[in-house]
Amino acid sequence: MLRRLVALTLVAWALGFVVFAVTLPQPADARHTDAVIVLTGAEGRIGRGLATLSGHWADKMLVSGVDPEVKPSEFVAQYHVDPVLMRCCITLGYESVDTRSNARESAAWIAAHHVHSIRLVTSDWHMRRAAWELRRTIPAEVYIVEDAVPTRPSLGILFGEYSKLLVRRVWQMRAA
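Quick note on the numbering used here: the sequence shown kicks off at 13 and runs consecutively.
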């Protein structure tokens, strides 16, 4: 009986992993949101957030998880941001170090800026867990557009992210 249960669990995990890996989230369309939230950590994310601002798909941006040593002037120089845009519309968030703290930092910023709709930008392989964590921390009426940055993740990255997502969901179910 225990062997069958273990085998069934492994088969379910493997099928779930295949679905997770072959159905990665995609970039979003050009619909407008109040703000864009970019989670740092991988190539293309900040560029996508800045494109969202320059395309007028959002009015302001939070970059969550910025290294505390990065100064706004360095951000401006590295990403070729207009200093006027930086002053009016971009917030660098220095308080988060992982996906859960990204969600907490983002939730506080959403509340402080009275945001009702956001475009969440992160890598395709990270989107499911990031959006899930964010939905758990913000009011239900805040609308989220998931805007995934396409990547070519390794099998190891996909395996790790799928495992983290499952562990977080199981942990949350146990805590509830």
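Beta carbons: idealized from backbone N, C-alpha and C, even for Gly.
query: Going by beta carbon distance, what residues of the same chain come within less than 8 Å of T64, once the five residues before and after it are set aside?
result: Excluding positions up to five away in sequence, the list reads V48, A70, M73, R131, V133, D159.
task: Could you tell me how far apart the beta carbons of L104 and V82 are, in whole angstroms, since I believe they sit closer than 8 Å?
output: Going by Cβ atoms, the distance from L104 to V82 rounds to 7 Å, so yes, they are a contact pair.
task: Answer with buried or exposed for E145, where buried requires no fewer than 16 other C-beta atoms within 10 angstroms of its C-beta.
output: E145 is buried by the Cβ-count criterion.
- prompt: Whose CA, out of I58, P95, S66, lies closest to the CA of S135?
  reply: Of I58, P95, S66, the residue nearest in Cα terms is I58.
message: Under 8 Å, with one C-beta from each stretch per pair, do the region 159-168 and the region 31-40 reach the 3-pair mark?
response: Pairwise C-beta distances place the region 159-168 in contact with the region 31-40, as three or more of them are shorter than 8 Å.
- request: Out of T52, D94, R140, state which residue places its alpha-carbon closest to the alpha-carbon of D110.
  value: Measuring C-alpha to C-alpha distances from D110 to each of T52, D94, R140 identifies T52 as the nearest.
- request: Output the distance between the C-alpha atoms of T21 and M185, rounded to the nearest integer angstrom.
  value: Their Cα atoms are separated by approximately 17 Å.
- request: Express the C-alpha separation of A24 and D94 in angstroms, rounding to a whole number.
  value: Counting only the Cα atoms, A24 lies some 49 Å from D94.
field: Rounded straight-line distance, which links the Cα of P165 to that of A142
entry: Computed Cα separation, rounded: 16 Å.
field: For K72, the first and last residue of its enclosing beta strand (DSSP E)
entry: Start and end: 70-76.
query: Comparing the C-beta of A124 with each C-beta of chain B, is any distance below 7 Å?
result: You won't find chain B in this structure, because it holds only one protein chain.
Nearest-angstrom Cα separation, counted from R99 out to G28: For the pair G28 and R99, the Cα-to-Cα distance works out to about 44 Å.
Residue environment, R60, which counts as buried when at least 16 other CB atoms sit within 10 Å: Answer is buried; the Cβ neighbour count reaches 16.
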